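Let me begin by presenting the structure, written as structure tokens, before commenting on it.
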Amino acid sequence: MAENTGRVVFLDRDGTINEEVHYLHKPEDLYFLPGAAEAVRMLKEAGFTLIVITNQAGVARGYYTCRDVETLHAYMNEQLRKEGGVIDAFYYCPHHPDCGIGEYKKVCHCRKPDTGMFEAAEKEFAVDKAHSYMIGDKELDIQAGHNYGVESVLVGTGYGAEHKKAAEEQGREKFYDYYAADLKAAARYIIAKESGKNIQKGNPAEGPEIQHERSILPGTSD
Ligand SMILES: [Zn+2]
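Under the working numbering, the first residue of the sequence shown is numbered 652, with each subsequent residue one higher.
Written out as structure tokens, the structure reads:
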């Protein structure tokens, strides 16, 4: 397996890797955005560790279960492997502060823009923040990346173009560090920026077929 260089790309899921589908939880409703699977492969080949960080309040709302989320992520990786890429780990927050059933209704530390999922990832993977990135389509993804302390790239897919435009219309300063049309453009930017910084070449095809699945379970995150 490629050595963990500490260079991590944290990725939002819905609207960044795959099409935003309302409370996505069925594999048959998963559609990769154009170029997304290729972007995942490019980043893996460049030696990055890829970690998905996703809010899944649909669990709190009772629309689907943690098991559904994990099944979907396994399916996602199955599809990505066919394109020569892989996500090294998925972290998701099943909570919601106001709506939800039982133990999932809570103010937690993992829900983006908070940083609990990044910190959970840090326990499993080396993270060199100076050479790590967050990519997402929402302002809260960028806030989460900044709260954690990594450069954060807004993609124009999903809600990205809308959130960029809204900020411009409000006359606010840009909230993101870099804007890329889509995940592939974001990958190109990051790879170009990091090239010449002695990135170790990784070959995901040689890695063991291990998928890490990490749920941020109630009671263990705070
Ligand atoms: Zn949470």
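Cβ coordinates follow ideal geometry from the N, Cα and C atoms, glycine included. Note that this is a predicted model, so its numbers are computed, not measured.
Under the DSSP definition of a beta bridge, which residues are partnered with residue i?
i: residue 744; result: 706
i: residue 831; result: 806
i: residue 700; result: 659
i: residue 785; result: 661 and 803
i: residue 643; result: Because the chain here runs from 652 to 873, residue 643 falls outside it and cannot be looked at.
i: residue 756; result: 747
i: residue 683; result: 669
Find the nearest neighbour of residue i within the set the options, judged by alpha-carbon distance.
i: residue 705; options: 777, 819, 827 and 791; result: 791
i: residue 768; options: 753, 781 and 799; result: 799
i: residue 672; options: 689, 696 and 709; result: 709
i: residue 729; options: 747, 828, 691 and 743; result: 691
i: residue 664; options: 734, 743, 735 and 716; result: 743
i: residue 712; options: 747, 821 and 845; result: 747
i: residue 716; options: 761, 754, 801 and 812; result: 754
i: residue 842; options: 817, 782, 775 and 770; result: 782
i: residue 828; options: 822, 815, 741 and 821; result: 815
i: residue 845; options: 817, 741, 780 and 772; result: 780
i: residue 740; options: 811, 751, 662 and 801; result: 662
i: residue 801; options: 773, 757, 731 and 737; result: 773
i: residue 756; options: 819, 707 and 818; result: 707
i: residue 703; options: 813, 752, 771 and 824; result: 771
Using C-beta distances below 8 angstroms, list every residue in its chain close to residue i, excluding the 5 sequence neighbours before and after it, in chain order.
i: residue 669; result: 675, 681, 682, 683, 684, 687 and 727
i: residue 722; result: 678
Looking only at its own chain, which residues have a Cβ that is under 6 angstroms from the Cβ of residue i, when we skip the five neighbours before and after it?
i: residue 831; result: 804, 806, 837 and 840
i: residue 693; result: 838
i: residue 660; result: 694, 699, 701 and 784
i: residue 796; result: 785 and 803
i: residue 749; result: none
i: residue 794; result: 764
i: residue 850; result: Confidence at residue 850 is low in this model, with a pLDDT of 39, below 50, so its placement is unreliable and no value can be given for it.
i: residue 822; result: none
i: residue 752; result: 713
i: residue 731; result: 688, 691 and 737
With a threshold of 7 angstroms on Cβ separation, who are the neighbours of residue i within its own chain once the five nearest residues in sequence on each side are excluded?
i: residue 605; result: What is shown of the chain runs 652 to 873, which leaves residue 605 out entirely.
i: residue 689; result: 734 and 835
i: residue 853; result: Per-residue confidence for residue 853 stands at a pLDDT of 43, beneath the threshold of 50, marking its modelled position as unreliable; the derived number appears in the next sentence. Once the five neighbours on either side are set aside, the close Cβ partners of residue 853 are 653, 695, 696 and 698.
i: residue 901; result: Summary: the structure shown does not reach residue 901, with the chain confined to residues 652 through 873, and so no result is reported for it.
i: residue 758; result: 748
i: residue 825; result: 818
At a cut-off of 6 angstroms, is residue i close to ligand 3 when judged by its beta-carbon and the heavy atoms of the ligand?
i: residue 766; result: No copy of ligand 3 occurs in the structure displayed; its ligands are ligand 1 alone.
(message) Please output, in chain order, the residues near ligand 1 using a CB cut-off of less than 5 angstroms to any non-hydrogen atom of the ligand.
(response) My final list is 744, 746, 759, 761 and 762.
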